[in-house]
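Position in the sequence shown (first residue = 1) + 27 = the numbering used here. Working notes for the structure below.
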Amino acid sequence: MSEFIDSLQQHLKERVTSPLGAAFLVSWCVINYKLWVILFSDVKPWVKFGLIQNQVYPDFHYFLLLCFIAPSVSAAAYILAYPYPARWAMAYTTYQRRITRTAKWEAEQLIPLTRKEVDAEIAPLKQRINDLKAENNTLEAEYDKAAGAFRKEQEKAQNYAAELSDTNALLAKANQEIEQLNSRILDFKKKASEFDNKKYLATHGISGTSHGGPMYKTEVERAQKMTKFIKEKQAKLVPPPTPGDDGSH
């Protein structure tokens, strides 16, 4: 129901706001002025009905004339005839305004320009604006290109930083391994020194025994085996010298 009422209101609004509907409504109100006088008078309602029937619309033809024919003719005449005097009035008003404006310019010592003169004055400015726009577009393109190159270089720098970090980690690990190897080499050297001492004791520190005795041979063989084992371990731990490391040029 509310949609129907809204649609009806919209329809009536379109009718009333149209030029023909507005002209017809105004004409109808003007032609039927007696009806408005009677409706807003202070007499009794049945007296109003009698006055409307006897004075305003005495018969059907008169009702048809006042309510439809006369307002329609008036509205059509208004729509068809009004534009001509309205156009003349607008032209005359514009002419008078132009005269007033010209007089004001002369009083203020201003120079009026025609449309062609204004276009001629504005044309260089428009061309300059177009040139500035083209230059701005060029600068924006160069800026985008430089920004892209900068981003690429930044990505490369980040990759180099990551690689450097990985290399530093590997170098730290290698240094740690070298320190461990040096520590093991020192341990082996210490053990070699101890075995050399034992070898010396085995060969010279046994009193009253012949150098060809069984005890002497056992100690000598043991010392030789231990020395050979230490040399093999040292050969595995210490890398072979590279060319140029022996101090010769």
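Where a beta carbon is used, it is the ideal one built from N, C-alpha and C, also for glycine.
Is DSSP giving V74 helix, strand or coil here? helix
Please list, in chain order, all residues of the same chain as G240 whose beta carbon is under 6 Å from its beta carbon, the five residues on each side excluded. Residue confidence is low: G240 scores 47 on pLDDT, short of 50, so the model does not pin down where it sits. No coordinate-derived value is stated.
Determine the DSSP secondary structure at Y84, reduced to helix, strand or coil. coil
For W115 and L78, what's the separation of their Cα atoms in angstroms? 44 Å
Run of the alpha helix (DSSP H) containing T141, from where it starts to where it stops: Premise fails: T141 is in no alpha helix (DSSP H) and is neither H nor E.
Among the candidates K71, K61 and G175, whose CA atom is the shortest distance from the CA of P85? K61
Give the range of the alpha helix (DSSP H) segment to which I79 is assigned. Where I79 is concerned, there is no enclosing alpha helix (DSSP H), given that its DSSP letter is neither H nor E.
Would F7 be called buried (16 or more neighbouring beta carbons within 10 Å of its own) or exposed? Outside the displayed range of the chain (28 to 276) lies residue 7, so it cannot be described from this structure.
Can you look up N59 in the DSSP assignment and give me helix, strand or coil? coil
Under 8 Å, with one C-beta from each stretch per pair, do the stretch 89 to 102 and the stretch 53 to 60 reach the 3-pair mark? Look at the beta carbons and you see the stretch 89 to 102 touching the stretch 53 to 60: at least three pairs across the two are nearer than 8 Å.
Collapsed DSSP secondary structure at S68 in the structure displayed: coil
Is the beta carbon of I65 less than 9 Å from the beta carbon of Q82? yes
Run through DSSP, which three-state label would Y111 get? Helix, per DSSP.
What did DSSP end up calling E167 once you bin it into helix, strand or coil? helix
According to DSSP, simplified to helix, strand and coil, what is E135? coil
How would you label F67, buried or exposed, when you count the other beta carbons within 10 angstroms and need 16 or more for buried? Exposed: under 16 other Cβ atoms inside 10 Å.
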